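Protein chains in written order, with this note's numbering: chain A, 1 to 479; chain B, 1 to 297; chain C, 1 to 312. All C-beta atoms, glycine included, are put in the ideal place defined by N, C-alpha and C. No experiment lies behind these values; they were computed from the predicted model shown.
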């Protein structure tokens, strides 16, 4: 009797939950269809609201707000609502959850691996049909322009930055760059001049410089390298060795002889005390670089983000900087064919069922990425490198670049160096799991450096670490 | 008279014993105090560290030089932490969410605990055991499904979404049920005989008797609203709907996305301060409430 | 207990709780089970049009993964270490507190403070305290720039600074720090419960012992502990349940990577779930069910043992 009742109630509960389940499965978000250009192009009379997720701090939001007002002078019916969603990771997490219920924004700050993730749900709009569109639109000031990008506008982008949007393995364009940074070599110019040391252009020269510095100041770590992952990826690019591919069954091709041997070489540097990295040190290596020379463990060189230049400047002592900072391109395998990484946010557009929303989103990201004044102001406020070359011709910006020095205007100097190496930017393939590879190679370097192995077993141990990293990558992508 | 004698004799005996134990007693007391103060220092040290970190310059903090006192006291970090976030709205939202969810939660908890403690119905123990079992499940697992549910209900960016999903806490029901069960059943029977309704009995007898537990639930619930972070972040996009922890945490990355740690520590201190104050004032109730749950677990 | 004539009343009182629980607790549990048995379940690719089949694939994925085994080992180890340490420490503190009069309140208040804090924020503070900054620590080209307050103390007493949590630190150093932090975090609740228990213990037992001249230690083991056994059982059971869900304290010290060199060497069960919840909800759900199973079994064992051992 009692058991039957329990059984009945359990069955009832199960039935109820199952019906709920089916209800929800039917409600599963469907991604909006691929955008098709409307016959009449963009309808300027229709009111649309566009949401935009980013990570901008207060200073940058101010610049953005000012240019939204400018943008609205052209398109008064496009309302832009933007929001700082915390860090890049927060943006990725928020949007990937929102996609599951169809609530994603129109535009978002993105890194290539974010786009690859969103694309598991086929949620990101490809831009080719928009970029190539020659339909025209007349703005509120009466100017008639094409919806797409003119050849001039395309050519104006720094090539390496622009091409990043096409690195998804299918040849299609998914993102436009907004503002970028790169890695640069910061060096203690005062110290280098004093001891007659030349700024190293290649890794071999760097090794010699480290050795020299160790002789002068044995209590120092000559070089701090912030990002282990960038180091690995940049080495692959400079050496022409395999890193990852966006296509095929085997995405992770970084486990090869060339890569193992450069890791072994740098491990030796670490063991000699030439170099440390951010993760090993536990903080940005700029903290070592800005230390006084008399302190234990200070650095004379630091390879870090160009956007972090102000952190690489020592604190003023009695109203003057204790030393001058020099900034140069990072060391190369072949100094005549330099390769440097590019990082920093791009913009992507999400598919929406209303093509007018997609068009409005496109017009806005086109505005942000091609408007010279915005790019100039944004760069000056953030220390990021503008993505279009014509910014350099803007008089205000040109004046800003002229001020570049190794002290008060160090940020400007780093932007200037970043702009000068505009032909050296490379991009890596982006796919679902590219960020996993990035993380793993970074950890790999870190682990190989700090581990205490016998000389005889180093090769085997490094090989084992590589094997493990590849295995981990595959597990993370579901293989 | 004889009885009196006896008592004094016993007292004398005890005094003798007491005297022999006195020396060890003093020694034990000293040991006790030393130990307790040592523990107190260990407990307090991290808070001290938080406060001095919040007063340092970013450079001093980043150097990770363990200066025990800031070289230069930067009160401005607190001003910055205040200014960076829209504190008025944040406080308002947090108070609304905290108060409403506490009141509703109390009503639900009291009713359920009453049913479990005083009423007899089929499957009561099974149901209660099942509810307790759900406490063992890691809460992270509910997040995804719940997010889909509230989105389907179109609750995002409302107070509802911040309040409703967490109204029922098995732990509070459990706490209060334990408390209710300690109230002699005879009171309830007498009330029944008098024809007092359940609700009146609940209001007049049980609630006053269980007040310390209810107050501690109130405080725990308020603490929850004050400290909640992941869920509000997920379900609110409108900055006007943010709660205090989210608002304060979002507010200190500079242009390069670098966090200003001293300002963040200042914010953590600001966020923690009201809780600390509430705790100091209502210490007695919180402690009573929490400790009661332990009796006859 | 009263046999209420109106049984529906009980259900009426329970209705709000039950409705909310069905939607926000029971339904997610059900959904979790459903997801756990769909191989390679992944929200995003489902929306992208891929389909899944039912099976045990997720469980196989979880159990075969070496990282999960590490997580399981860490979780168990931390439980086995922190629950007894914090319980014994809390017991000693509670007994000491109970035996003194002046400052007792003041000290109680201090001990309860960690209860009203955010474990991630204070974890960051602990991390700063155990920090050591340098390169090649323990190696030939060793350079130590700065060390945290703990290492300063060690050096003050003539010891060698230890790499507790930074890159290259040993597993046991990490475990030590975690144990210290978790115990710190767990003390307030335990002290409070045990002190409450002590204060409700009848003073007569102690007076009797005093007359007998029983030694303090004997009083402690023969009277205090048995009388406190229900509270001790409660504290141990909740300690184990909490211990199996250990996560945010580790994030506080080691960050989201749950370790210092990307190996997630300090990972826990909940850490594994969190790590997979973004992308591999199938795996996360399967791991959550495994975790639930373990907690369930351990709690049952605990209850069984405490039933046998506690004296009411």
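- Query: residue 135/C by DSSP, collapsed to three states: which one?
  - Reply: strand
*Determine the chain B residues that contact residue 266/C at a beta-carbon separation under 8 angstroms, and present them in chain order.*
Result: empty, since nearest Cβ-Cβ is about 17 angstroms, beyond 8 angstroms.
task: Let me know the beta strand (DSSP E) ranges lying completely inside the region 26-70 of chain B, each 3 residues or longer, listed in chain order.
output: none
| query | Taking only beta-carbon atoms, is residue 221/B less than 9 angstroms away from chain C? | reply | no
**Asked** Just the Cα atoms here: how many angstroms apart are residue 133/A and residue 462/A?
**Response** C-alpha separation (whole angstroms): 51 angstroms.
Can you confirm whether residue 234/B, when its beta carbon is compared against all beta carbons of chain A, has any partner nearer than 9 angstroms?
Yes, residue 234/B lies at the interface with chain A (some Cβ there is under 9 angstroms from its Cβ).
query = Since residue 242/A and residue 232/A are thought to touch, with beta carbons under 8 angstroms apart, how far apart are those beta carbons, to the nearest angstrom?
reply = The pair is not a contact, with the Cβ atoms about 12 angstroms apart (cut-off 8 angstroms).
- Along the chain, where does the beta strand (DSSP E) that runs through residue 304/A open and close? 301-305
Practice task
Return the first residue and the last residue of the beta strand (DSSP E) that residue 83/A is part of.
Solution key: 78-84
*Using the DSSP secondary-structure output, state which residues sit across from residue 277/A in a beta bridge.*
For residue 277/A, which the question treats as bridged, DSSP gives the partners 225/A.
When you compare the region 62-79 of chain A with the region 312-332 of chain A, are there three or more beta-carbon pairs, one atom per stretch, that lie closer than 8 angstroms? no
**Message:** Closest to residue 173/A by C-alpha separation, out of 115/A, 194/A and 295/A, would be which residue?
**Reply:** Ranking 115/A, 194/A and 295/A by CA distance to the CA of residue 173/A puts 115/A first.
query: Is residue 91/A closer than 9 angstroms to residue 151/B when the C-beta atoms are compared?
result: The answer is no: Cβ separation not under 9 angstroms.
Considering only residues of the same chain and omitting the five flanking positions on each side of residue 106/A, which have a CB-CB separation below 7 angstroms?
-> 50, 51, 52, 349, 350, 352, 357 and 361
Practice item. Could you spell out the range, first to last residue, of the alpha helix (DSSP H) harbouring residue 435/A? Key: That run of the alpha helix (DSSP H) goes 434-450.
Checklist entry - Quick one: is residue 442/A near chain C, going by C-beta distance under 9 angstroms? => result yes
For chain C, check one thing: does any of its Cβ atoms lie closer than 9 angstroms to the Cβ of residue 381/A? no
Among all the DSSP beta bridges, which residues are the ones paired with residue 328/A? 185/A
task = Step through the CB atoms of chain A and report whether any lies within less than 9 angstroms of the CB of residue 155/C.
result = no
| Host beta strand (DSSP E) of residue 54/A (start-end) | 48-54
Fill in: Sequence-distant residues of the same chain with beta carbon closer than 8 angstroms to residue 297/C, five excluded per side
Residues of the same chain with their beta carbon placed closer than 8 angstroms to that of residue 297/C are lacking, with the five preceding and five following residues left out of the count.
Quiz item: For the beta strand (DSSP E) that contains residue 109/A, what are its first and last residues?
Solution: 107-110
Taking the CB atoms as reference points, tell me whether residue 228/A and residue 470/A lie closer together than 9 angstroms.
no
* Per-residue contacts from residue 65/C into chain A (C-beta, under 7 angstroms) -> 475
Original post:
Who are the Cβ neighbours of residue 128/C in its own chain at under 7 angstroms, not counting the five residues just before and after it?
Top reply: Only 148 meet the Cβ criterion.
Can you tell me whether residue 217/C is buried or exposed? The criterion is at least 16 other CB atoms within 10 Å of its CB, across all chains shown.
exposed
Give me, in chain order, the residues of the same chain whose beta-carbon lies closer than 6 angstroms to that of residue 404/A; leave out the 5 immediate sequence neighbours on both sides. 412, 413 and 416
Point to revise | Closer than 9 angstroms to chain B by CB, residue 302/C | key: no
At the level of alpha carbons, what is the spacing between residue 176/A and residue 346/A?
5 angstroms
Report the rounded CA-to-CA distance for residue 86/A versus residue 56/A, giving the unit in angstroms. Whole-angstrom Cα-Cα distance: 8 angstroms.
(message) For residue 131/A, which residues in the same chain have their Cβ closer than 8 angstroms to its Cβ, ignoring the five residues on either side in sequence?
(response) If we look at residue 131/A and ignore the five residues flanking it on each side, its Cβ neighbours are 148, 149, 154 and 173.
According to the neighbour-count rule (16 or more other Cβ atoms, all chains shown, within 10 Å of its Cβ), is residue 265/A buried or exposed? exposed
Relative to the C-alpha of residue 123/A, which residue among 246/C, 283/C, 242/C and 44/C is closest? 44/C
Inter-residue spacing [alpha-carbon to alpha-carbon] between residue 178/A and residue 217/B: 49 angstroms
Since residue 343/A is in the beta strand (DSSP E), which residue starts that stretch and which ends it?
340-343
- For a contact meaning CB atoms closer than 9 angstroms, what does residue 88/C contact in chain A? Neighbours of residue 88/C on chain A: none; closest Cβ ~33 angstroms, over 9 angstroms.
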